[in-house]
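This report refers to the structure that appears directly beneath it.
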Amino acid sequence: MRAEVLLPRAGGSATGAGRLYTYRVPEQLASRLVPGQLVAVPVGEQSAAGIVWALDASDDADCTPDAAGVAADGPRPVQALLLSEPLLTPAQRALTEWLASYYGAPLGAAARLMLPPGLLAGVRVLVYPTGTLPDGAPSSGALMPATLADGALADAAAVRGLLRERGHIERRQIKETLGGRRAAAVLDELLAHGEIRLALELPEAQTRTRRERTVRLVATPAALDAWRAATRAQLDALPALPARRPQRDGPREEHEAERRLRQLAVLDLLARARQDSQDIAEPAEPATTTVWRLEELRRLSRATDAALRELATAGLIAIEEADARHDPMAGRRIPRNDPLTLTAPQARALAAILAAAAQDAPASPGTPGRVFLLHGITGSGKTEVYLQALAAVIARGYRGLVLVPEIALTPQAMARFAGRFPGRVALLHSGLTPAERRDEWRRIRAGAVDIVLGSRSALFAPIERLGLIVVDEEHETAYKEELRPPTYHARDAAIQLGALTGAPVVLGSATPSIEAYALAQSGAFALLELRERAPASPAAAGEAPSPSAGVPPVTIVDLRAELRAGNTSILSERLQSELQATLDHGEQAILFLNRRGMASSVICRECGYAARCRNCDVSLTLHASERRQLLCHYCGRRQPVPETCPVCWSASIRFFGLGTERVEAAVKRQFPAARVLRWDRDTARSRQVHEELLLAFAERRADVLVGTQMIAKGLDLPGVTLVGVVSADIALFLPDFRATERAFQLLTQVAGRAGRGMAPGRVLLQTLNPEHFCIQSAARHDYAAFFAAEVSARQRYGYPPFRRFVKLTFAHRDRYTAQIEATVLGERLERLVAELRLPDTDLVGPAPAFLERLRAHYRWQLILRSPDPIPVLRALTRDDLPHGWSVDVDPMTNL
Ligand code: ADP
Ligand code: ZN
Ligand code: ZN
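With the sequence shown counted from 1, adding 33 to any position gets you the numbering used here.
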């Protein structure tokens with residue numbers, strides 16, 4: 034029997050990790066080996082950890098050479114099984130293969146996404162003696178060639194000594210002691226003489242759960258009260274406690290008093306937790322509040338073990354052993370969250386999804402799964418549909434996967450899921466500690482949860498019996514991996530996983546991506562629509578329908594007219610008066626602006642004209658390194674900066690850019706009494722600060738929030754009645770094929786932030802381009818009109834989804850090196866495209882990247898555009914790309 038083995042860490046080289054190597058399966062392993070297992074295999078003189086990818090029963094099949102290139106005596110044997118439980122499920126292996134081929138990435142790089150966190154890093158190399166070691170320095174010297182220096186002899190003797198003493202040593206320890214070069218030399222010598230052998234091992238922590246002692250209250254309230262009363266009476270009878278801690282040899286009574294006091298403290302802590310847990314979703318859940326870690330309880334109460342044992346003997350508390358786990362939801366109070374009565378559109382959407390998920394067994398792998406696009410305006414109740422669909426799937430014995438953009442993983446969002454499925458939700462996001470991540474992974478693997486909720490990497494969790502996949506806010510750029518191969522899009526990979534497991538996939542969005550909506554229009558996805566806001570939360574039940582049940586009205590403010598009327602402020606007359614009214618009513622306002630692309634576009638303030646490239650239909654930008662030249666980032670076309678507007682001959686043509694600070698200052702100047710909060714990348718550096726700022730605003734500790742696009746996401750603030758978009762133009766004129774799509778999404782989302790509560794909301798949209806189809810359709814909340822105009826533009830220029838892009842970026846400290854390298858690769862690509870004769874395939878660039886200088890590196894880029902760019906990419910990366918190149922397949926932006 035042969036095994037095809039993947040070596041995910043092979044030499045760190047992309048090509049080594051990209052292929053499978055053939056090994057012979059020794060007899061004693063033949064019956065135990067299954068695909069997905071972790072094994073140790075020989076690679077040259079070393080051992081490496083690999084994953085069994087496939088098994089082949091034939092013995093004499095022609096096979097690829099093993100990692101060392103040795104094929105003469107047939108493949109070498111698998112050395113050991115490191116872990117009998119398979120690391121990868123069959124669906125995970127299939128998804129890995131898809132990721133590698135669709136994104137032109139090494140198989141090993143794709144497989145690494147699926148491995149338990151930290152597992153490979155935990156594999157240790159151990160050094161064992163092969164037989165009895167020769168003892169003493171003199172005799173050992175005889176085994177070594179005379180050419181060896183004294184130092185090497187001493188090293189060998191030291192290693193032997195350690196092996197005799199301990200039985201085995203970790204190779205890392207030898208390296209740490211002797212340094213890399215000496216360690217390698219001595220190990221090579223000892224290996225060559227057959228004195229030692231190397232073996233791979235997984236540390237226990239990787240495979241076994243830790244156990245820890247826990248404490249919980251078992252006494253009835255009556256018994257508890259009785260014990261407390263008796264103890265207090267007993268304490269009164271004892272002499273008063275001295276100020277200091279009693280000495281070891283102090284009077285017996287003092288110890289007695291202290292112990293009793295500590296015991297009372299223990300019971301107080303436990304009883305308080307029980308009270309708290311009354312409104313926790315599931316009191317019986319062995320989560321965090323009713324059950325205490327013994328260590329924690331001892332630390333807080335300073336009770337001794339003996340004191341605790343005494344309470345256990347008295348039947349008041351129970352001390353138990355349990356699997357220790359790091360719980361990312363620990364310490365949060367999660368209110369119970371009951372299913373709501375669905376509105377008719379919600380019920381229709383739910384029925385459609387459940388009809389697809391109706392089979393008792395998921396469709397056989399390979400049959401395309403059903404994909405739904407749930408298009409519902411913000412607040413239309415999409416989440417409630419997900420929750421009820423998940424509940425139904427779980428009731429049938431399946432599990433659910435819910436992906437949300439990282440930024441949307443707010444405590445409120447987590448609580449909605451955790452409160453509906455108490456104790457059955459695993460959480461995976463980038464804020465987890467490695468230990469938390471590993472424990473969540475293990476819980477999922479063990480089938481201890483029904484729902485996995487997380488950001489994009491949750492897609493790779495080992496979920497068995499997957500019955501439903503939800504991708505919320507499917508249009509979000511956070512779903513895209515941009516740096517490391519495979520540069521996957523979680524939505525597209527989720528659809529693939531759905532097809533592999535037979536689980537239906539629900540994509541949700543208020544502003545679907547052009548890609549997803551195009552597929553829904555073509556019939557490939559089923560379109561489900563929620564056109565109205567859901568009836569407000571149960572708190573509002575019984576009141577008259579609120580005026581905010583619909584979407585807020587949007588007013589377009591023409592900034593060109595403001596300028597003509599002599600108002601040069603960032604805030605139009607209309608925005609100023611609306612702000613005043615909002616403050617007068619004690620309500621809140623959000624002022625929003627898009628900071629990206631600051632001062633880069635050239636826009637005429639009289640007529641709204643923006644300079645665009647004739648070849649590419651994207652904005653031209655001013656480049657810091659190109660004095661007075663406008664540049665197209667697609668094709669490299671240059672033209673001088675116009676002195677006057679080519680449309681209306683006005684001289685008010687200028688670089689457009691605004692910062693949050695300037696808006697904040699303007700508001701403070703006009704409204705000195707208003708409390709203004711600024712939110713941008715500078716003020717909200719960490720997740721914690723982000724949450725704190727939002728909390729301050731939610732608790733109405735400020736009246737006006739000024740911020741960048743980040744505030745547009747996932748906020749539900751009932752106090753906000755006015756949203757002002759300070760400038761809708763910057764987003765619109767970024768030189769990117771997705772600029773209009775992003776602008777529409779942002780405008781729609783910010784607009785959705787107004788009027789979430791009882792008071793009606795309104796939105797003001799300031800722009801220099803009031804007639805632009807993006808502005809117009811956003812103001813009317815008309816996605817369909819926007820889509821129709823945008824998709825035809827994409828088709829005309831051959832932009833995604835009509836062709837796939839591959840963005841190749843080269844970064845170097847030296848500007849000319851970057852330019853030359855990009856030119857060389859560009860020519861190679863041109864040749865490849867010609868040789869492969871791919872239809873509709875072309876190359877844009879080389880051109881400097883939008884941010885040409887980033888982190889002291891100059892960046893040049895090439896964009897390959899083709900209905901299927903992967904053959905070109907494969908041919909290109911067969912030999913590794915030169916260091917410094919990064920490749921993004923299906924980039925979210927060409928910037
Ligand atoms: P979305 O996910 O589309 O933004 P949500 O699911 O968050 O919308 O719903 C918005 C609000 O409406 C929430 O407060 C939710 O509790 C409430 N809601 C949703 N569906 C219903 C319903 N059928 N009846 C009453 N309230 C609902
Ligand atoms: Zn003009
Ligand atoms: Zn161009």
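Where is the CB? At the ideal position from N, CA and C, for every residue including glycine.
Residue i CB to nearest heavy atom of ligand 1 below 7 Å
i	result
residue 375	yes
residue 800	no
residue 414	yes
residue 409	yes
residue 609	no
residue 568	yes
residue 379	yes
residue 417	yes
Expected contact under 8 Å - CB spacing of residue i and residue j to nearest Å
i	j	result
residue 800	residue 589	6 Å
residue 58	residue 69	Between residue 69 and residue 58 the Cβ distance is about 15 Å, and since that is not below 8 Å, they are no contact.
residue 37	residue 87	4 Å
residue 816	residue 770	That belief does not hold up - the Cβ atoms of residue 816 and residue 770 are roughly 19 Å apart, past 8 Å.
residue 498	residue 452	Wrong, their Cβ atoms sit about 23 Å apart, outside the cutoff.
residue 625	residue 758	5 Å
Residues near residue i in its chain [Cβ-Cβ closer than 8 Å; skip 5 each side]
i	result
residue 161	196, 200, 201, 229, 230, 231 and 232
residue 906	137, 839, 897, 920 and 922
residue 878	667, 668, 669, 855, 859, 893, 894, 895 and 896
residue 419	435, 503, 505, 539 and 541
residue 352	246, 247, 248, 327, 341, 342 and 345
residue 80	73, 74, 112, 158, 231, 232 and 233
residue 338	331
residue 129	121, 140, 143, 144, 146 and 147
residue 520	136, 138, 513, 514, 920, 921, 922, 923 and 924
residue 863	876
residue 772	651, 652, 764, 765 and 766
Within 8 Å, strictly: CB atoms of residue i and residue j
i	j	result
residue 646	residue 678	no
residue 841	residue 895	yes
residue 405	residue 539	yes
residue 386	residue 537	yes
residue 753	residue 785	no
residue 432	residue 528	no
residue 460	residue 492	no
residue 443	residue 781	no
residue 925	residue 510	yes
residue 1	residue 526	Nothing can be reported for residue 1: it is not among the residues displayed for the chain, which extend from 34 to 928.
residue 216	residue 208	yes
residue 568	residue 416	no
residue 797	residue 611	yes
residue 685	residue 638	yes
Contacting residues, own chain, Cβ-Cβ under 7 Å from residue i (five flanking each side not counted)
i	result
residue 707	616, 700, 736 and 737
residue 643	634, 635, 636, 652 and 766
residue 389	403 and 537
residue 477	459, 485, 494, 495 and 496
residue 570	Residue confidence is low: residue 570 scores 47 on pLDDT, short of 50, so the model does not pin down where it sits. Its coordinate-derived value is still stated next. Hits under 7 Å: none found.
residue 304	250 and 257
Neighbourhood of residue i by C-beta distance below 6 Å, restricted to the same chain and skipping five residues each side
i	result
residue 292	340
residue 629	Confidence at residue 629 is low in this model, with a pLDDT of 49, below 50, so its placement is unreliable and no value can be given for it.
residue 730	710 and 738
residue 553	406 and 560
residue 60	none
residue 319	Its pLDDT being 35, under 50, residue 319 is placed unreliably by the model, and the measurement read from it follows with that caveat. None.
residue 903	137
residue 828	835
Test: residue i CB closer than 8 Å to a CB of chain C
i	result
residue 229	Absent from the structure: chain C. Only one protein chain is present.
*Let me know the beta strand (DSSP E) ranges lying completely inside the segment 471-528, each 3 residues or longer, listed in chain order.*
484-487 and 499-505
*Please go through the segment 193-246 and give each complete beta strand (DSSP E) segment of 3 or more residues, from N-terminal end onward.*
229-234
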